[in-house]
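>
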Amino acid sequence: MNLKDLLSPFYVWQRAFEKPYTSMRPIEERPGSPSYRGFHINVADTCVGCGCCHTICQNDAIDMVPVEKYSGNKGDSGLRPRFDYGRCCWCALCVDMCTAGSLRLSNEYIWTSREPADFMFVAGVEEKHWQDNELGYRREKSYHLYPPRRIEMEMLSPDESIEGFDEVVKGYDVEQAKKEADRCIECGMCVATCPAHMDVPDYIKSIRDGDYDEGLRLMYRTNPFPATCGRICTRRCESVCPVGLQGDSIAIRWLKRHIVDQVDAKDYARILNDNIEENGKQVAVIGAGPGGLSAAYYLRKKGYEVSVYEAQDKAGGMLRYGVPGYRLPDSGLDKDINYIVSLGVEIRNNTRIGTDISFESLLNDYDAVFLSTGLSVPSSMRINGEDHPRVLSGLQVLADAASGRDPGIGNKVAVIGGGNVAMDASRVSRRLGADVTILYRRRISDMPADIEEIHEAQEEACTIVTQAIPVEIMDAPDEKQVIIKWGEAEMVQDPKGGRPRPVLQEDRMHEDTYDCIISAIGQGSNLDYLSKEVQEQLAIEWGRFTPGEYQHTSLEKVFVGGDVANRTADAISAIEDGHHAARGIDRFLRPEMYTELDQEIS
Amino acid sequence: MTQLTGHSASLDFSQPEPVDMSSGKYVKLWQGPQHPGITGNMSLELTLDGDEIIECKTHVGYLHRAFEKLMEGRNYIQNFTVVCRIAVPEPAFNEYLYAEGLEQLSGIEAPERAQWIRTLNLEMMRLASFMMWIGGQSGAFGLYTVPNWTIAYRDYVLDLFEEMTGGRIYHMYMVPGGVRFDLPKDFDKRVKEVMDGAEKLLDQVERVMYNNVVFKARSKGLGIITPEMVDPYGIVGPNARASGIKRDLRKDEPYLVYDQLDFDIISGTGADAYERAYLRLQETRQCISLIRQCMDRMPRSGPLQAEMPNVLHWKIPPGETYVKAECTRGEYGYFMVTDGTEYIRRVFVRGPSYTHAIAVMEKLAVGTNIADIAGLMVSLHTYPPEIER
Amino acid sequence: MGNLTSALLERLERDFDITDITERHERLTTFKVTRDHAETLIRELRDREKYTHLNFITCIDYIEDGVFSLVYMLQNYVTHTMLGVHVDIDRDKAEMTSIHTLWAQAWTYQRELREMYGINFPGSPRLHEDFMLEGWDDMPPMRRDFDTAAYSTEHFGHVDRESEEPRQYMKVQFYPNRGGDEE
Amino acid sequence: MLKITGADDIPEQEDVLANDGLSEEDRKLFSNARPKKYEPYPIKAIEDFANWARANSLWILGFGTGCCSIELRPLMTSRFDISRFGVAGRPTPRQSSVFVIGGYVSVKTLKRIIRSYEQMQGPKFVVALGSCPANGGMYFDSYNTINRLDLYIPVDMYINGCMPRPEALLHGIMELQNDIKAGSCDGANRYVENFDWYKANQKKIIKNWNMPDYNW
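Residue numbers (my numbering), protein chains in the order written: chain A, 1 to 602; chain B, 603 to 991; chain C, 992 to 1174; chain D, 1175 to 1390.
(1) Whole-angstrom Cβ separation of Ala1342(D) and Pro116(A), contact assumed at under 8 Å?
(2) Looking only at DSSP bridge pairs, what is Cys202(A) linked to?
(3) Which residue's Cα is closest to the Cα of Ile1347(D): Asp1370(D), Phe1204(D), Val1274(D), Arg1268(D)?
(4) Kindly indicate which residue of Thr568(A), Leu538(A), Val564(A) has the alpha-carbon position closest to the one of Lys557(A).
(5) Given a cut-off of 7 Å on the beta-carbon distance, is the pair Tyr297(A) and Ile259(A) in contact?
(6) Out of curiosity, what's the CA-to-CA distance linking Gly1170(C) and Asn1368(D)?
(7) For chain A, check one thing: does any of its Cβ atoms lie closer than 7 Å to the Cβ of Gly768(B)?
(8) Does the CB of Asp5(A) have a neighbour CB from chain C at under 7 Å?
(9) Secondary structure at Arg443(A), three-state DSSP: helix, strand or coil?
(10) Starting from Pro158(A), follow the beta strand (DSSP E) in both directions and report where the run begins and ends.
(11) Which residues in chain G sit within 7 Å of Ser113(A), going by Cβ to Cβ distance?
(12) Taking 8 Å as the limit between beta carbons, can you name the residues of its chain near Gly568(B), skipping five residues before and five after?
(13) Assuming Asp213(A) is part of the alpha helix (DSSP H), what are its boundary residues?
(14) Using a Cβ-Cβ distance under 7 Å, would Phe1299(D) count as near chain B?
(15) Report yes if the C-beta distance between Lys1298(D) and Ala1362(D) is below 7 Å; otherwise report no.
(16) Report buried or exposed for Val796(B), applying the criterion of at least 16 other Cβ atoms within 10 angstroms of its Cβ.
(17) Select from Tyr514(A), Lys256(A), Gln396(A), Cys53(A) the residue whose C-alpha is nearest the C-alpha of Val95(A).
(18) Have a look at Asp1081(C) and Gln862(B) and give me their C-alpha separation to the nearest angstrom.
(19) Does DSSP put Asp118(A) in a helix, a strand or coil?
(20) Is Glu1125(C) helix, strand or coil by DSSP?
(21) Check whether the Cβ of Gly932(B) lies closer than 7 Å to any Cβ atom in chain C.
(22) Output the distance between the C-alpha atoms of Arg1034(C) and Val777(B), rounded to the nearest integer angstrom.
(23) With C-beta atoms as the reference, is Ala414(A) less than 7 Å away from Ile484(A)?
(24) Using C-beta distances below 6 Å, list every residue in its chain close to Gln1066(C), excluding the 5 sequence neighbours before and after it, in chain order.
(25) Mind reading off the beta-carbon distance from Ser1115(C) to Gln1101(C)? Whole number of angstroms is fine, and I expect it under 8 Å.
(26) Hey, is the region 113 to 127 of chain A in contact with the region 77 to 86 of chain A, meaning 3+ C-beta pairs nearer than 8 Å?
(27) Could you name the residues that DSSP lists as bridge partners for Pro470(A)?
(28) I want to verify the contact list: residues of chain C whose CB lies under 9 Å from the CB of Cys88(A), in sequence order.
(29) Could you tell me if Val685(B) is buried or exposed, where buried requires 16 or more neighbouring beta carbons within 10 angstroms of its beta carbon?
(30) Kindly list the residues whose CB is nearer than 6 Å to the CB of Leu1032(C), restricted to its own chain and excluding five residues on each side of it in sequence; keep chain order.
(31) Considering only the alpha carbon of each residue, which of Arg427(A), Pro470(A), Met474(A) lies closest to Glu456(A)?
(32) The beta strand (DSSP E) spanning Thr649(B) covers which residue range?
(33) List the endpoints of the continuous beta strand (DSSP E) containing Gly1206(C).
(34) Expressed to the nearest angstrom, what Euclidean distance is found between the alpha-carbon atoms of Leu966(B) and Ile826(B)?
(35) Please confirm whether Asp330(A) and Phe225(A) have their CB atoms less than 7 Å apart.
(36) Tell me which same chain residues have a C-beta within less than 6 Å of the C-beta of Tyr1384(D), skipping the five on either side of it?
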């Protein structure tokens, strides 16, 4: 022992003169750091309730609970996360995973209670004092738990594509599809939104696993037109896909198409293995569009003998005659239809009800009848000169192009309308060599057509003139031409809060000369094949049926579906109508199969 | 040059004969789990002859949470939040090793800047851990002033962590593929401030604690680890280095950016509790130097995360790896086996306390007396949670 | 360094029939050896090849093959390389030679393996004492077929909380009439 | 409020405890008395004064049961210096009045917690830290950690966080002091009143019960 060691400890006294470590009022003085992971904040209006936080939470601390206020909003599951702080570990994986970016953490960290069950709250719905805290952990922009960007789809360049009717989209290869499928977060909001409730996450999983057989089986459970929908579906699923909120939504449509592309048509029978037990009952289907054939497929699977009556010379309806080949080539459509036919569904082409065979005789001959005759009559523009010979209907141009006939449009074309038919007609006209101008009453953002369709039309050098209202169609000096008089419009806010209305500006009128004018402003139904009495018995509003819960009508044995019976007028809704009508018809014709089930439900 | 210890045939490490308790000569005493002189939550079953210990048995398991089992049921990203809880005072090493293991198995490489930040994080962790240890060691020998300095000062390091990672104790910062977010603004200034203070504090601690006649008297000659013991007992880290074995994974098998940092392996020859304590003080100073180097040499910008697949379906091809890092107590290792699914097949966490607190402690305790047990225990620097996981 | 190991591996292949030699990373090579050869091989690695440090002993449960794969991780401080020695043992008759005489710390690992997997190491000290658990009367918990969540629910209870799936809940919200039918 | 189920079904309480975990010999060594309820002083002013005194001298038992205990060290050293609030650490249960449960509780530790808790002198209070004692926390599916602490011993204050920072602990302890001053911390009495229910729960998961039924 030396003296130095003995004295050294007394050095502690030096510290008596230094600033003490003690923070005098720690609770007030020390808020969490700016990136502190404290209690949760959820901006409930931004949140869509996809449940990703629930999925990623390894502590099972997050439940999704219904919140009345948000139920039924588009793209919103109506659920909101409830946090259990008897489980949470503040790892903030939920924040990193949050697709909507609504979830973050505050830097608040003090919560005491005498009751453990208190530590549970629906963030953003139940008031908490840290709700407006600006500091706290947020996901760094560059950090992602799933790839936010879509795998680029290879497409023909606009120059190549207007050369002909080759399909523009090339489709994913296996590697690309796997990568795209990997982005799916399996929330299931697409399933809920899809009219047909296709098992999207499940078939996307089958792509990840490389099990295309399973993928095809899953798709056929709810949709017998995967090749078609994989190309032209309006994909409401993608519009609600939460991955799209802070990135690109999953390319659900292209993935669906990828599965079909990977499976050879001759393997369908083996994979789907649809065993049909005949039940001896017959059903007639009027209209071989997606609705009719979907009903035919599911009825056939249940053992019905199905005859489909079609006025045109080929099955497919609007899919064949309304959708141009560069979007949906015949090979794709035929793949779907051929499989349905291969199950023993009889399609009678070139048979028009009302002329070739009467509706009443079908009613007598069959146990049930399903009507899905679609919308085939172009709507009128209601302006003078509309019946000018150089005014063509968009549907007619498309049908002619699809059948290989020359629609005779000339070299300079004006297309009127902003829907998909207008875009299709424009792009078909481009392919036939014409210069195209699209006239639309409102703005581009108001167009009902798919935004991609609009972009592609623009890329293919279709000129879009917006806020242009046609006023009159007049004879041109050259009888192969026509003059359209149109006026510029101003958008006027609707005082009642509806969407803005275009108002014609009388002082800004234009007159342009075109080789022809293609009108594509909508379609209506043609129900002339039904007699007056029948029409009266079927509830018809504005040319459309209003079917009951099982697509049934007030006339016994008659079921309806498709564009003629719904408000959405797209293929996937028609397919679901057909499927649902098949369920309804089965319930109607074989109620004995359902009595137990119904009792269970009630 | 690495020194070798080899296995000497003369070294006897068989278990001692059971003590004849019925003779009435001996007393059995449990130190822990509820005892102020025990690190964490574990217990020592001591058999005493007077106040001399003739047998010591370590009992663990009070903190067993079955991490390895739980991890088998959680997917890869979920586990990243679990692992840090394995060693409470030093979670960062767990985070790093888990991330590193996954990156090796799945062929992902963390970007350079992320590697630097990870190194910085680990060294700060080491600093915080040593500060707490110094407090513990001096407290165990009855000097209660030093813990009031170092444990309080450790809190300033934790403040840095809070800014850097968003968490005080559990950072959950080193994600597989990189780090979660960038260093905050003006972080280097605050690091500098804290480091300068720490340096000053360590000088004070050296004077008050290491030169203290009481501390010297009690720690010198206590718990001598001979170089021959090192390999058979699996002794690693400062415990081995204090016995003259120059081994440091940061130097021997450089990971992260340690090959771009200037430091030497610190070793001593005293082999007793004092030497170990002094070595740790020097290593604490080394930490400060390494942290400064990291702050100076780190690339100013660059990506922080590698491109990652969707973590919800992240599958890693079958493989097996053992990754290790030098933590404050020596080799900390993760043995990981994957089988191609979304879940890990097997994780085994090798904490240095596993041997230090059981086999080594049981050996060294014999012959010491009851008053020194707490000091000896701390001098081996053990953390029970990493033993039992 | 790599050459050193490969020469060694060649020799081991000859003398001990080691199989499945895999280089896991530049410092770690694993291989498989039969149960009978294991102890001799490990002893030889320790005494002749300077693999003097036992990092750990652990076990992987390959329930689908009916084996426990024991892993002995050995470290060489000269070349700074590691060898992972795998020994497959029968899952039903889980027994392995104890190496507590080779390393003073080995018995701890063996005690843990006995408790967590039910592997017997005859002769290993204090093998049957409780290690981490106390009064455990169920299947050794680290075995793959032990369900920890079910055990926890049964013994420690759980709070009833309900969570909705967006998939189902939202479907009923948007298509109230069509939620019920599946086929 | 925790629902105490089955409390009515318990048969008429016997005067003494069976101590059936103990051997015949050991039974002679340990008391078999039942715990007694704390009765407040008949004069309210005295009771209030006693509560005030209790609240300002909370002595914490030095038993770090889980990870959250690590935050007790900063709390007790100079930065947060909890001694300002009359809180100090004590090495033995006999001198302590507050038991801070540091997070998760493994079954093996629970047995020691029960022993320590029962050895503490009344009035005594339990503070539970973190998520784990409330509803299992991170280890809700672990076979070795309990999910709800209040099934086994009564808890007077939960402090949330994983782990709760020293400031949160400070806040929690001040809340506890307020409760004590108000005389509403009745955990120990709950334990006495529902003693058989707590014992039944404890014995359900502690397999080798080789200790007296009431460790006093």
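Virtual Cβ for every residue (Gly too), placed ideally from N, Cα, C.
Keep in mind the model is a prediction, meaning the values are calculated, not measured.
Concretely, from the data shown:
(1) Not really, about 16 Å apart at Cβ, beyond 8 Å.
(2) A small fix is needed here, since residue 202(A) is Asp in this sequence, not Cys. Looking at the DSSP assignment, Asp202(A) forms no beta bridge with any residue, so it has no partner.
(3) Val1274(D)
(4) Leu538(A)
(5) no
(6) Summary for Gly1170(C): the model assigns pLDDT 47, below 50, so the residue's position carries little reliability; its value from the coordinates is reported in the next sentence. Going by the C-alpha atoms only, they are around 48 Å apart.
(7) yes
(8) no
(9) coil
(10) Element bounds for Pro158(A): not the beta strand (DSSP E) but the alpha helix (DSSP H), 158 to 161.
(11) Given the protein chain composition of this structure (A, B, C and D), no chain G is represented.
(12) Past the boundaries of the shown model lies residue 568(B); chain B is included only from 603 to 991, so the question cannot be answered.
(13) 212 to 222
(14) no
(15) yes
(16) buried
(17) Cys53(A)
(18) 47 Å
(19) helix
(20) coil
(21) no
(22) 39 Å
(23) yes
(24) His1044, Asn1046, Met1073
(25) 5 Å
(26) yes
(27) Trp486(A)
(28) Correct list: empty, because the minimum Cβ distance to chain C is about 13 Å.
(29) buried
(30) Phe1007, Val1024
(31) Arg427(A)
(32) 645 to 651
(33) Any question about residue 1206(C) goes unanswered here, given that chain C covers just 992 to 1174.
(34) 7 Å
(35) no
(36) Before going further, note that residue 1384(D) is Asn rather than Tyr in the sequence given. Taken in chain order, the residues that qualify are Gly1195.
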